[in-house]
Amino acid sequence: MPPALPDSHSSLWDFSLTHYARAGVADTCLRLQDAHGVNVNLLLWCAWLEEHGLTLDATRLSCVQKRIHAWDQNYVAPLRQMRRRMKAEFGVTDKDIERVRQQIKQAELLAEKHVQLWLEEVAQTWHPTDARGQHLPTTGDNLRFYLQQLNVSDAAIAEFVSLLVKGSSAKPD
64 MPPALPDSHS SLWDFSLTHY ARAGVADTCL RLQDAHGVNV NLLLWCAWLE EHGLTLDATR
124 LSCVQKRIHA WDQNYVAPLR QMRRRMKAEF GVTDKDIERV RQQIKQAELL AEKHVQLWLE
184 EVAQTWHPTD ARGQHLPTTG DNLRFYLQQL NVSDAAIAEF VSLLVKGSSA KPD
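Right, dumping it as structure tokens:
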């Protein structure tokens, strides 16, 4: 069994929170989710894998998709749909309803965190080269691979990769 990922790297959850907060990333993630069925947790995981020198391939992607599918479909997606439906139906002005909606959002985030724990756990068992023993991934390789599986346009992929790269060299406020 390969050694665990180095402690110097952030957890997937911390990585995701940091990257998702960058200008334009959340909007792009949600656009890709709504337009192409992109799983935002998998999307951020792809970038996190690269930071750890891990390459995504069809076998690995299929394995994790099977692992998280039921949880996503039965818990994460219904919570997201309920939260969005409440906002569309009631808006955010009724403080009591908004408090309920925010609690649903917290439950949704906890469910997503559980997905990310599973994704990180799976990656702990991988060697830092791809299944064919080829090169380590370069910036955007895993993201491109995942998004191409969902027929996302090259322009949209380039935009997302650019947001992540641009943000990684930026200094925090």
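Residue numbers (our numbering): 64 to 236. Don't be surprised by glycine CBs; every beta carbon is placed ideally from N, CA and C. Being a predicted model, the structure only gives us computed values, none of them experimental.
According to the DSSP assignment, Ser216 belongs to no alpha helix (DSSP H), since it is labelled neither H nor E. By the Cβ-count criterion, His82 is buried, with 16 or more other Cβ atoms from all chains shown falling within 10 Å of its own Cβ. For Gly87 against Leu226, the beta-carbon gap comes to about 5 Å, under 8 Å, which counts as contact. Going by DSSP, Asn137 is part of no alpha helix (DSSP H) at all; its letter is neither H nor E. The alpha carbon of Thr201 has as its nearest neighbour, out of Thr118, Thr122, Phe78, the alpha carbon of Thr118. Segment contact: the segment 88 to 99 against the segment 206 to 225, three or more CB-CB distances shorter than 8 Å; contact assigned. Here Asn205 carries a helix assignment [DSSP, helix/strand/coil]. Annotation: Cys109 to Phe78 spans about 11 Å, alpha carbon to alpha carbon. The shortest CA-to-CA distance from Gln169 to any of Arg143, Trp189, Lys150 is the one to Arg143. A check of alpha carbon separations from Glu183 across Glu113, Asp204, Ala84 identifies Glu113 as the nearest. Excluding its 5 nearest sequence neighbours in each direction, Asn205 has C-beta neighbours in its own chain below 6 Å: Cys109, Leu112, Glu113, Leu119, listed in chain order. If you ignore the 5 residues before and after Asn104, its C-beta comes within less than 7 Å of the C-beta of Glu175, Val178, Gln179, Leu182, all in its own chain and listed in chain order.
Counting every other CB atom within 10 Å of its CB across the protein chains shown gives Glu171 a total of 16 or more, marking it as buried.
Taking 9 Å as the cut-off, the Cβ atoms of Phe208 and Leu106 do not count as close. In the structure shown, Asn102 falls within a coil segment according to DSSP collapsed to helix, strand and coil.
The beta carbon of Val228 is closer than 8 Å to those of Thr202, Gly203 in its chain, skipping five residues each way along the sequence.
Exposure of His132 is indicated by the presence of fewer than 16 other C-beta atoms within 10 angstroms of its C-beta.
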